[in-house]
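First the structure, in the form of structure tokens, and then the observations on it.
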């Protein structure tokens, strides 16, 4: 493989707004909230930033196009600002841009900031959206839960899993995130929920009930990256470095060719394999300490844990029910509450996941702090199971 | 010898229970009690006269090639478009465009027979002509028409080879006797008194015309084996037959008990009903009344018994689901101002340039087949979808509308806006290869499961009310 990015970039500082229904704030206020924490944590001055990447995904009316909204909101010193959009992977995409700038030597300090202000649309759930004018003429008139729900029907058929077993397993996924989110003051939903409530919730798109769907939240998250050498020279300890950044995008084989059975994410399998290779990880089930994965829907997380090569294909639901991914399990997943409870402001999510990793490595995760994590992995999935963008970031202690 | 060479029909799956309609309206219109029995056909929310005509035409063309059709007449009084050729949409959906004369016929309840006369005349030189008729008439709440009307379609292929019913003759009179009308500014019919229509209209206009037709065909009334004459007054056809010396046993059932009157299509719907069982030598007389009369006389040939099987009227009638929810009927016909929610506000503007470029794909469900690796795919794209091929510019058009598909994955979505929630959709795969994410229609929960068989059907996808009702059509999957 190409030389990769392992240990070429360090996270100098991070910030994250409170996620939730932020009726008090617009996108600008959320951006500033995350940025203030981030720049203070980094210890540098805004004038030292060489470049910035800005991510939003849905409904550009909230901030508008281009890099201008970020530059104007933060009053950046006329540096290059790139606006990125790659659906739910947008936040990780902004981080990737900033990291590559630093790794290339083009920038010493680069900012990545993602935001989404969803609660000004007037209704719950994500606003409707379609592909271009051609897709609008033929593609099924679906929603995000409807598209992801199909993972469940295909997974049950592919692995001969009963409806009740699957429903219990995906219910456990949500139960776990609620348990974790309850310990996170920045999370949108901070309430533990009983299994019965989850299993008996109203159906959104069968078999996904209300509690199988992540929160629709407002929020922003930011990172400033530099080289490990510069971080050290600035007197930083507990340096967190980037081990791998991978992105895999569907080329249409899943949606158009009969080789895919609908029960897994083709792109996640590819991206995670490449990421392990880039990071030098041989046995992820033994080496990765924690995951933040794209749990837009409970079934997505379950299937993703197989596609990340942690659970065996068709066995993920058993690992979930065994508590393997619980806070006190072998590899905690969504220790911060995940998209399910921390919330899912699309453009911010990838950076929010990295924020949790960063806190955990620094021992600043409060009541949900894990014991001595070494390697953390984040994963985003944009689009639908049949056509998507899958992004992976692996970060860890810089030795 | 010119005549009919094939027939087809279409009836929507839903059957509205008339008692349920009466129960909802009897507080206001107790007089409808006599009509509160049986059921009428009820179009799904995604059906209109175009989609029904497409289905009837496909049924008709079971045994024939669409590309042989040289002219296409589409009769209706409920054409979805006033200015845009409705017959042209049907032609494209059937994948016929080249060398096709497409024409809309309307304006009267005898539009179906007028179209049939035109089709027969157009095919005299041997070029097959397709005649499709469909109606989906609206009626005011608590009206007799609401109970009497039905939604449906028929299609007839006219030609000179393997004729199943040869044209003996036809006769028409046209006179502006206005029994009912529908103006440009309303959705509903307005009618004059029934007794006047019967005594001054039917009784004075029909018998002389029938007698003239019999004379022209050198037949006597007693020679007619099947007398087809739609009317909202069930006694009238019998009366007319009697006056003209046609035996009472020849008068065909109006199909009122389970179907209802399908408007401009009904004479042809009844003709299909007759052809399904007619024997060689039978004489069929079709009479359609509407500001005059059209009369056609056919003689059934031995070829009728050899016509390959199709669903026909009986087949579509057998595919049936009772609907007792009158509110659903009103909602499907946009006669109930439901709170649809914000998701219904999504802009449905159609890029007409895109539709034009991709019309074979969208209206004809024509995908691609790779010349290099043989992979079937939808949509047809510049580069082959097969991960082991990716050949460039290698795909030839491949019709998929007639292929069966299977459900690979599915959901019932209660979040998305649908006029009939939950919205069923999922990934469908074709055994020949090819797949796409498809809306499902005409289905119940228990029919939707992984592996279930589906057939493709031409339906309304969206109605762009912001731009005056531009309907977008595409194919949906329905349980076989």
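Residue numbers (this note's numbering), protein chains in the order written: chain Y, 3 to 401; chain E, 21 to 500.
C-beta atoms are modelled at their ideal positions from N, C-alpha and C, and glycine is treated no differently.
Span separating the alpha-carbon of residue 167 (chain Y) from that of residue 175 (chain E): Translated into positions along the first chain, residue 167 (chain Y) becomes position 165. Translated into positions along the second chain, residue 175 (chain E) becomes position 155. Distance between the alpha carbons of residue 167 (chain Y) and residue 175 (chain E) is about 50 Å.
Contacting residues, own chain, Cβ-Cβ under 6 Å from residue 15 (chain Y) (five flanking each side not counted): As a working note, residue 15 (chain Y) is residue 13 in the first chain. Leaving aside the five residues that flank residue 15 (chain Y) on each side, the residues in its chain whose CB is nearer than 6 Å to its CB run, in chain order, 40, 43, 44, 226.
Residue 406 (chain E): contacting residues in chain Y (beta-carbon distance under 7 Å): Locating residue 406 (chain E) in the second chain gives position 386, counting from the first residue. Going along chain Y in sequence order, the residues near residue 406 (chain E) (Cβ under 7 Å) are 259.
CB contact below 8 Å: residue 84 (chain Y) versus chain E: What you label residue 84 (chain Y) is simply residue 82 of the first chain in a count that begins at 1. Any Cβ of chain E closer than 8 Å to the Cβ of residue 84 (chain Y) would place that residue at the interface, and such an atom is absent.
Residue 219 (chain E) versus E:189, E:253, E:231, E:192, residue with shortest Cα-Cα distance: Residue mapping note: residue 219 (chain E) aligns to position 199 of the second chain, counting from 1. The shortest C-alpha separation from residue 219 (chain E) is found at E:253.
Cutoff 8 Å: residue 173 (chain Y) Cβ touching any chain E Cβ: As a working mapping, residue 173 (chain Y) is identified with position 171 in the first chain. No, because no Cβ of chain E sits closer than 8 Å to the Cβ of residue 173 (chain Y).
Any 3 or more C-beta pairs closer than 8 Å across the region 177-186 of chain E and the region 229-247 of chain E: no
Residue from E:317, E:298, E:342 with nearest C-alpha to residue 327 (chain E): Position 307 of the second chain holds residue 327 (chain E). Looking from the CA of residue 327 (chain E), the closest CA among E:317, E:298, E:342 belongs to E:298.
CB of residue 126 (chain E) within 8 Å of CB of residue 99 (chain E), strictly: For the purposes of this step, residue 126 (chain E) is identified with residue 106 of the second chain, where counting begins at 1. For the purposes of this step, residue 99 (chain E) is identified with residue 79 of the second chain, where counting begins at 1. Yes; because the gap between Cβ atoms is below 8 Å, this pair is in contact.
Under 7 Å from the C-beta of residue 434 (chain E): neighbouring residues of chain Y: Here residue 434 (chain E) corresponds to residue number 414 of the second chain, with the count starting at 1. 205, 206, 207, listed in chain order.
Residue of E:403, E:384, E:388, E:243 minimising C-alpha distance to residue 304 (chain E): To locate residue 304 (chain E), count along the second chain from 1; it is residue 284. If we check each option's Cα against that of residue 304 (chain E), E:243 comes out closest.
Distance CB(residue 54 (chain E))-CB(residue 277 (chain E)) smaller than 8 Å: Indexing the second chain from 1 puts residue 54 (chain E) at position 34. Indexing the second chain from 1 puts residue 277 (chain E) at position 257. Not in contact: residue 54 (chain E) and residue 277 (chain E) (Cβ atoms no closer than 8 Å).
Given 8 Å, three or more beta-carbon pairs between the region 285-300 of chain Y and the region 381-399 of chain Y: yes
Bridge partners - residue 397 (chain E), DSSP secondary structure assignment: What you label residue 397 (chain E) is simply residue 377 of the second chain in a count that begins at 1. Bridge partners of residue 397 (chain E): E:388.
Extent of the continuous alpha helix (DSSP H) run through residue 262 (chain Y): For the purposes of this step, residue 262 (chain Y) is taken as residue 260 along the first chain, with counting starting at 1. No alpha helix (DSSP H) holds residue 262 (chain Y); DSSP gives it neither H nor E.
Beta-carbon contacts of residue 81 (chain Y) that lie in its chain and below 7 Å, excluding the five residues immediately before and after: Counted from its first residue, the first chain places residue 81 (chain Y) at position 79. Only 51, 52, 53, 54 meet the Cβ criterion.
Exposed unless 16 or more other CB atoms sit within 10 angstroms - verdict on residue 239 (chain Y): Position 237 of the first chain, counted from the start, is the residue given in the question as residue 239 (chain Y). Per the 10 Å Cβ criterion, exposed.
Contacting residues, own chain, Cβ-Cβ under 8 Å from residue 110 (chain E) (five flanking each side not counted): Within the second chain, residue 110 (chain E) is the residue found at index 90, counting from 1. For residue 110 (chain E), where only same-chain residues beyond five positions count, the Cβ hits under 8 Å are 70, 73, 74, 77, 92, 94, 122, 152.
Exposure label - residue 457 (chain E); buried when at least 16 CB within 10 Å: To locate residue 457 (chain E), count along the second chain from 1; it is residue 437. Buried, by the Cβ-count rule.
For residue 289 (chain Y) and residue 283 (chain Y), the rounded distance between their alpha carbons: Position 281 of the first chain holds residue 283 (chain Y). Position 287 of the first chain holds residue 289 (chain Y). Residue 283 (chain Y) and residue 289 (chain Y) have their C-alpha atoms spaced approximately 7 Å apart.
Length at least 4, wholly inside the region 184-259 of chain E: the alpha helix (DSSP H) runs in chain order: 223-236
For residue 40 (chain Y), the three-state DSSP class (helix, strand or coil): To locate residue 40 (chain Y), count along the first chain from 1; it is residue 38. Here residue 40 (chain Y) sits in helix by DSSP.
Sufficient close CB pairs (3 or more, under 8 Å) joining the region 158-169 of chain E to the region 261-275 of chain E: no
Euclidean distance between Cα positions of residue 371 (chain Y) and residue 388 (chain Y): In the first chain, counting from the first residue as 1, residue 371 (chain Y) sits at position 369. In the first chain, counting from the first residue as 1, residue 388 (chain Y) sits at position 386. Spanning the two alpha carbons is a distance of roughly 36 Å.
Proximity winner among Y:292, Y:250, Y:261, relative to residue 274 (chain Y) (alpha-carbon distances): For the purposes of this step, residue 274 (chain Y) is identified with residue 272 of the first chain, where counting begins at 1. Of Y:292, Y:250, Y:261, the residue nearest in Cα terms is Y:250.
Under 9 Å from the C-beta of residue 31 (chain E): neighbouring residues of chain Y: Counting from one through the second chain, the residue named residue 31 (chain E) turns up at place 11. Chain Y residues near residue 31 (chain E): none, gap ~26 Å exceeds 9 Å.
Residues from the region 138-157 of chain Y in contact with chain E, defined by Cβ distance under 7 Å: Residues of the region 138-157 of chain Y that bring their beta carbon within less than 7 Å of a beta carbon in chain E comprise 139, 140, 141, 142, 143, 144, 145, 147, 148, 151, 152, 155, 156, in sequence order.
Nearest neighbour of residue 101 (chain Y), chosen from Y:242, Y:22, Y:34, Y:121 [CA to CA]: Numbered from its first residue, the first chain carries residue 101 (chain Y) at position 99. Residue 101 (chain Y) has its Cα closest to that of Y:242, out of Y:242, Y:22, Y:34, Y:121.
Contact under 8 Å by Cβ, residue 23 (chain Y) with residue 220 (chain Y): Locating residue 23 (chain Y) in the first chain gives position 21, counting from the first residue. Locating residue 220 (chain Y) in the first chain gives position 218, counting from the first residue. One thing to note: residue 23 (chain Y) has its Cβ within 8 Å of the Cβ of residue 220 (chain Y).
Exposure label - residue 416 (chain E); buried when at least 16 CB within 10 Å: The count along the second chain starts at 1 and reaches residue 416 (chain E) at position 396. Exposed is the call here.
Distance, residue 246 (chain E) Cα to residue 319 (chain E) Cα: The sequence position of residue 319 (chain E) within the second chain is 299, counting from 1. The sequence position of residue 246 (chain E) within the second chain is 226, counting from 1. Answer to the nearest angstrom: the Cα atoms are 10 Å apart.
C-beta neighbour in chain E for residue 159 (chain Y), strict 8 Å: Taking the first chain and counting its residues from 1, the one referred to as residue 159 (chain Y) is at position 157. Yes, residue 159 (chain Y) counts as interfacial toward chain E.
Meets three-Cβ-pair contact criterion under 8 Å: the region 322-341 of chain E and the region 29-38 of chain E: yes
Buried versus exposed, by CB contacts within 10 Å (16 or more), residue 70 (chain Y): Indexing the first chain from 1 puts residue 70 (chain Y) at position 68. Its Cβ having fewer than 16 others within 10 Å, residue 70 (chain Y) is exposed.
Delimiting residues of the alpha helix (DSSP H) encompassing residue 302 (chain Y): Against the first chain, residue 302 (chain Y) aligns to sequence position 300. Residue 302 (chain Y) -> alpha helix (DSSP H) spans 300-309.
Cβ-based neighbour list, residue 34 (chain Y), same chain, cut-off 8 Å, excluding 5 preceding and 5 following: Position 32 of the first chain holds residue 34 (chain Y). Cβ within range, chain order: 75, 76.
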